[in-house]
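Step one of this worksheet: look at the structure below.
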Amino acid sequence: MKALNCPKGHGPMALSTIDKQMTFKGADISVAAKAYVCPACGLEAGTPQTAGALQLAIADAYRVKQGLLTSSELKDLRKSRNLTQQQLADIMNIGIASIKRWETGTVQSASMDHALLMQLQCRTQADNYSGNREISLARIKLIAKCFEAILGVRLLKKGDRLLFLAKYLWYADFLSFRVLGRGLTGASYAAITYGPQLNNYRDLVEPIKNSDVNSAEPLSNEELRIVQKVAERFPTEQNVYDAAHSEKIWIESDIGALIPYSWAHELTEI
Ligand SMILES: [Zn+2]
2 MKALNCPKGH GPMALSTIDK QMTFKGADIS VAAKAYVCPA CGLEAGTPQT AGALQLAIAD
62 AYRVKQGLLT SSELKDLRKS RNLTQQQLAD IMNIGIASIK RWETGTVQSA SMDHALLMQL
122 QCRTQADNYS GNREISLARI KLIAKCFEAI LGVRLLKKGD RLLFLAKYLW YADFLSFRVL
182 GRGLTGASYA AITYGPQLNN YRDLVEPIKN SDVNSAEPLS NEELRIVQKV AERFPTEQNV
242 YDAAHSEKIW IESDIGALIP YSWAHELTEI
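Residue numbers are given in this note's numbering: position 44 of the sequence shown equals residue 45, and the series is strictly consecutive.
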């Protein structure tokens with residue numbers, strides 16, 4: 002930064018750190034701020050850079066005092082979960098502009114802070130491939146039975162490769178993640194030649210069939226509506242097969258790669 006001269010004619014001012022006491026949003030806070038100070042008369046002057054840094058320091062001091070995530074904590078937490086600003090915005094169902102503002106100094110509300118922590122703290126990087134929950138084979142079977150009842154077809158057949166069921170489950174899990182911030186089954190999905198498929202499906206078919214639906218966490222009304230919506234949107238197995246094959250997020254995935262749940266907002270057929 003170029004040194005400033007004192008407007009009272011005392012020559013160059015020195016960049017100094019000064020403790021500032023102030024009231025921000027009703028809280029008394031103190032911040033160490035950078036400013037140019039005249040050694041002769043004590044006059045302080047800021048620059049756009051020092052003003053921006055001061056704003057951020059004030060906002061962060063306030064957040065520390067209120068127990069809210071600071072800008073850098075939010076940014077670090079988001080990155081540690083391997084999420085872009087856009088992905089976090091989508092999961093939170095808010096605009097990306099809000100995330101950008103919070104990460105550059107605007108103070109988030111306490112309720113939003115809580116929602117951010119729920120989404121970020123309770124998530125690991127791997128959760129991006131399991132929709133924010135542990136895999137439950139019993140729940141996969143329960144939802145399969147649900148689809149069978151609504152559609153009037155058998156989807157979980159003997160010796161099956163789950164070609165159609167996997168696509169119904171994929172849409173239901175991803176739609177649930179998009180709408181509720183959490184998948185339904187905890188399953189991971191791989192992009193294979195025949196479309197999105199349960200990861201390691203060969204090892205899962207028999208255990209799914211043998212699982213006890215009564216041990217599964219029951220579907221909430223919201224979750225049941227997700228399943229109904231998918232079934233109504235794709236009334237036949239051919240419908241769901243064709244739709245899945247037209248999805249950009251499957252087409253653009255490498256064969257065998259897991260499809261991240263954070264891409265759910267890019268589904269086009271539902
Ligand atoms: Zn001066």
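We put the CB at the ideal spot given by N, CA and C, even for glycine.
On a predicted model such as this, the values are computed, not experimentally measured, just so you know.
Alpha helix (DSSP H) runs contained entirely in the segment 157 to 197, provided each spans 4 or more residues:
Considered as a whole, the segment 157 to 197 harbours 166 to 181 as its complete alpha helix (DSSP H) runs of no fewer than 4 residues, in chain order.
Can you determine whether any heavy atom of ligand 1 sits closer than 7 Å to the C-beta of L44, and answer yes or no?
L44 Cβ: within cutoff of ligand 1.
Is Q87 closer than 8 Å to I97 when the C-beta atoms are compared?
Taking 8 Å as the Cβ cut-off, I97 and Q87 qualify as a contacting pair.
Ligand 1 heavy atom lying under 7 Å from the CB of C123:
No heavy atom of ligand 1 is found nearer than 7 Å to the CB of C123.
Which ranges would you report for the beta strand (DSSP E) in the segment 22 to 101 if only whole runs of at least 3 residues count?
List check, beta strand (DSSP E) in window: 28 to 38.
Alpha carbon to alpha carbon, what distance is there between L5 and A15?
Approximately 8 Å between the Cα atoms of the pair.
How long is the line joining the alpha carbons of R134 and G187, rounded to whole angstroms?
Here the alpha carbon of R134 sits roughly 5 Å from the alpha carbon of G187.
Of the choices D20, D29, T24, whose alpha-carbon is the least far from that of Y37?
Shortest Cα-Cα distance from Y37 to any of D20, D29, T24 involves D20.
When burial is assigned at 16 or more other CB atoms within 10 Å of the CB, is N211 buried or exposed?
N211 sits exposed, since fewer than 16 C-beta atoms from the chains shown fall within 10 Å of its C-beta.
On a Cα-Cα basis, can you pick out the residue from L69, Q109, Y172, Q122 that is closest to E238?
Relative to the Cα of E238, the nearest Cα in the group L69, Q109, Y172, Q122 belongs to Y172.
Alpha-carbon to alpha-carbon, G184 and Q198:
Going from the Cα of Q198 to the Cα of G184 covers about 15 Å.
Ligand 2 and L55: does the residue's C-beta get closer than 7 Å to at least one heavy atom of that ligand?
With respect to ligand 2, the structure offers nothing, as its ligand set consists of ligand 1.
Please classify P261: is it buried, with 16 or more other beta-carbons within 10 angstroms of its beta-carbon, or exposed?
Per the 10 Å Cβ criterion, buried.
To the nearest whole angstrom, what separates the beta carbons of L57 and R64, a pair I think is in contact under 8 Å?
About 10 Å separates the CB atoms of L57 and R64; that is not less than 8 Å, and the two are not in contact.
Check: A98 C-beta below 7 Å from any heavy atom of ligand 1
Flag unset: Cβ of A98 not near ligand 1.
Given that a residue counts as buried once 16 or more other Cβ atoms are within 10 Å of its Cβ, and exposed if not, what is C42?
Counting Cβ neighbours within 10 Å, C42 comes out exposed, since fewer than 16 surround it.
Taking C-beta to C-beta, are Q109 and L121 nearer than 8 Å?
In this structure, Q109 keeps its C-beta atom at 8 Å or more from the C-beta atom of L121.
By the three-class DSSP mapping on this structure, what secondary structure does S17 have?
Strand.
Do A41 and ligand 1 come close, with the Cβ less than 7 Å from some heavy atom?
Answer for A41: yes, Cβ within range of ligand 1.
By DSSP's criteria, N211 is part of a beta bridge. Which residues make up the other side?
According to the DSSP secondary-structure assignment, N211 is paired through a beta bridge with no residue.
My output table needs one value for N6: the three-state DSSP class, helix, strand or coil.
N6: strand per DSSP, three-state reduction.
Cβ neighbours of K142 in the same chain (closer than 6 Å, five flanking residues each side left out):
For K142, where only same-chain residues beyond five positions count, the Cβ hits under 6 Å are I209, S212, V214.
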